[in-house]
Amino acid sequence: MKSRLFLDNESFVVEIASNDGYLLKNFVDMGVPCLGVEPTEKTAEMAEKQGVATIRRFFDHDFSEELVKEKGQADLVVANNVYAHVPDINDFTLGLAAILKPKGTLVLEFPHLTRMIEGDQFDTVYHEHFSYFSLFTVNRIFRECGLKLVDVDELPTHGGSLRVYGAHEADTRAISDSVAAILEREKSCGLQQLSTYLGFNKRAERIKVAFLDYLIDRYKAGRVVVGYGAAAKGNTLLNYSGVKKDLLPFIVDAAPSKQGKFLPGSHIPVLNPDALWVENIDEVIIFPWNISDEIKEQLSGLSEKGVAVSTLFEVIEI
Numbered sequence: 001m002k003s004r005l006f007l008d009n010e011s012f013v014v015e016i017a018s019n020d021g022y023l024l025k026n027f028v029d030m031g032v033p034c035l036g037v038e039p040t041e042k043t044a045e046m047a048e049k050q051g052v053a054t055i056r057r058f059f060d061h062d063f064s065e066e067l068v069k070e071k072g073q074a075d076l077v078v079a080n081n082v083y084a085h086v087p088d089i090n091d092f093t094l095g096l097a098a099i100l101k102p103k104g105t106l107v108l109e110f111p112h113l114t115r116m117i118e119g120d121q122f123d124t125v126y127h128e129h130f131s132y133f134s135l136f137t138v139n140r141i142f143r144e145c146g147l148k149l150v151d152v153d154e155l156p157t158h159g160g161s162l163r164v165y166g167a168h169e170a171d172t173r174a175i176s177d178s179v180a181a182i183l184e185r186e187k188s189c190g191l192q193q194l195s196t197y198l199g200f201n202k203r204a205e206r207i208k209v210a211f212l213d214y215l216i217d218r219y220k221a222g223r224v225v226v227g228y229g230a231a232a233k234g235n236t237l238l239n240y241s242g243v244k245k246d247l248l249p250f251i252v253d254a255a256p257s258k259q260g261k262f263l264p265g266s267h268i269p270v271l272n273p274d275a276l277w278v279e280n281i282d283e284v285i286i287f288p289w290n291i292s293d294e295i296k297e298q299l300s301g302l303s304e305k306g307v308a309v310s311t312l313f314e315v316i317e318i
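Quick look at the structure:
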């Protein structure tokens, strides 16, 4: 990104929702001046320990004006995986435009609605998300806020994401062909038609029924099925499907902070992954399917116990 945008020690980078400074630390190491905006106290402290200057605030248009007065505008503004969390998207985007230099670049990353619908990824619908974006929608928001899309990359993260590059409307740089290509693909996928979303809803219902049928069949057959991953994806699926600990006795997670607790809603206990080798189980369903290959590698030794390790779509048919 540094070489692509010609950043140097006279540039200024601002990241919104900068978390623990993981990204900005790279700019610090390269000698590029930067600033993080992060409302969470603990993660902001972690960033500062890495040498990343951080302001503890929620970002909006009012704050952007304060920021410009104190720090000036930025050559690069980054906002990764925060767009979906914003309640007032127009106000937020106006703030992004306000802190961006006339020739500056705005970079956003967010899960792509097309991939969500095509992959039946309804388990990525989280309570803290206000919106789910297509490139068509972001393009419209940008235009209403005095910005324009100039480039876009497709990423594999979160089941399929977009990294979009924006600039001020008056910026004369050329617009990449990838922008028009993805907009056309979204149109052909029916993202502007209500029937597409009604179909998505029906498929989610079929998946729920198939998942319940699978667990009930295994329960009646005396087979013990447990889960791996106490993350949001699995929690959404379990609560939507109404699964309780009678059908899924426990779930394991590698994060010590989750162990010894219960999943919200289903009240399924969360154990250390060591339980998979100690308890009498027959199958493990991996809920964070986006990292299933990595998890399967970690659990490869379970095959010696005769334990099957699968993702949801490997065990159900719809």
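The sequence shown finishes on residue 318 if you use full-length UniProt numbering, and the numbering steps up by one all the way, no holes.
Using N, Cα and C, we set each Cβ at its ideal position, and we do this for glycine too.
With fewer than 16 neighbouring CB atoms inside 10 Å of its own CB, Val-278 falls in the exposed class. DSSP places Asn-9 in the coil class of the three-state scheme, outside both helix and strand. Note on the segment 117-205: whole alpha helix (DSSP H) runs with a minimum of 4 residues are 135-144, 177-188, in chain order. Residue environment analysis places His-267 among the exposed positions, since fewer than 16 neighbouring C-beta atoms fall within 10 angstroms of its C-beta.
Judged by their CB atoms, Arg-163 and Asp-153 are nearer to each other than the 9 angstroms cut-off.
About 6 angstroms separates the beta carbons of His-112 and Ser-161, which is inside the 8 angstroms limit, making them a contact pair. Using a 10 angstroms sphere on the CB of Tyr-165, the tally of other CB atoms reaches 16 or more, which defines it as buried.
As the crow flies, the alpha-carbon of Ala-204 is around 42 angstroms from that of Arg-173. Assignment of Thr-114 by DSSP, reduced to helix, strand and coil, places it in the helix class. The three-state reading of DSSP puts Phe-58 in coil, since its state is none of H, G, I, E or B. Shown here, Lys-261 sits in coil according to DSSP, grouped into three states, outside any helix or strand. With 16 or more other Cβ atoms from the protein chains shown falling within 10 Å of its own Cβ, Ala-167 counts as buried. Under DSSP, Leu-35 shares a beta bridge with Val-14. Sorting Thr-236, Gly-229, Leu-237 by C-alpha distance to the C-alpha of Gln-259 places Gly-229 at the top. Under the DSSP assignment, Gly-222 falls outside any beta strand (DSSP E); it carries neither an H nor an E label. Contact annotation: Glu-283 and Val-225 have beta-carbon atoms nearer than 9 angstroms. Only exposed fits Ser-300, as fewer than 16 other CB atoms lie within 10 angstroms of its CB. Per DSSP, the unbroken beta strand (DSSP E) holding Asn-80 starts and ends at 74-80. In this structure the segment 57-71 touches the segment 89-109; the number of beta carbon pairs closer than 8 angstroms is three or more. By the CB criterion at 9 angstroms, Val-52 and Ser-11 fall outside the cutoff. When the alpha-carbon of Tyr-197 is set against those of Lys-103, Ala-255, Tyr-132, Leu-24, the nearest one is in Tyr-132. By the neighbour-count criterion, in which 16 or more other beta carbons inside 10 Å mark a residue as buried, Met-30 falls on the exposed side.
Pairing Lys-208 with Ala-181, the inter-Cα distance amounts to about 34 angstroms. Straight through space, the alpha carbons of His-85 and Val-252 are spaced by roughly 27 angstroms.
Counting C-beta atoms within 10 angstroms of its own C-beta, Asp-20 has 16 or more neighbours from the protein chains shown and is therefore classed as buried.
When DSSP reads this structure, Leu-271 sits in a beta bridge with Val-252. For Ala-308, the enclosing beta strand (DSSP E) begins and ends at 308-311. In this structure, Leu-76 places its C-beta atom within 9 angstroms of the C-beta atom of Leu-7.
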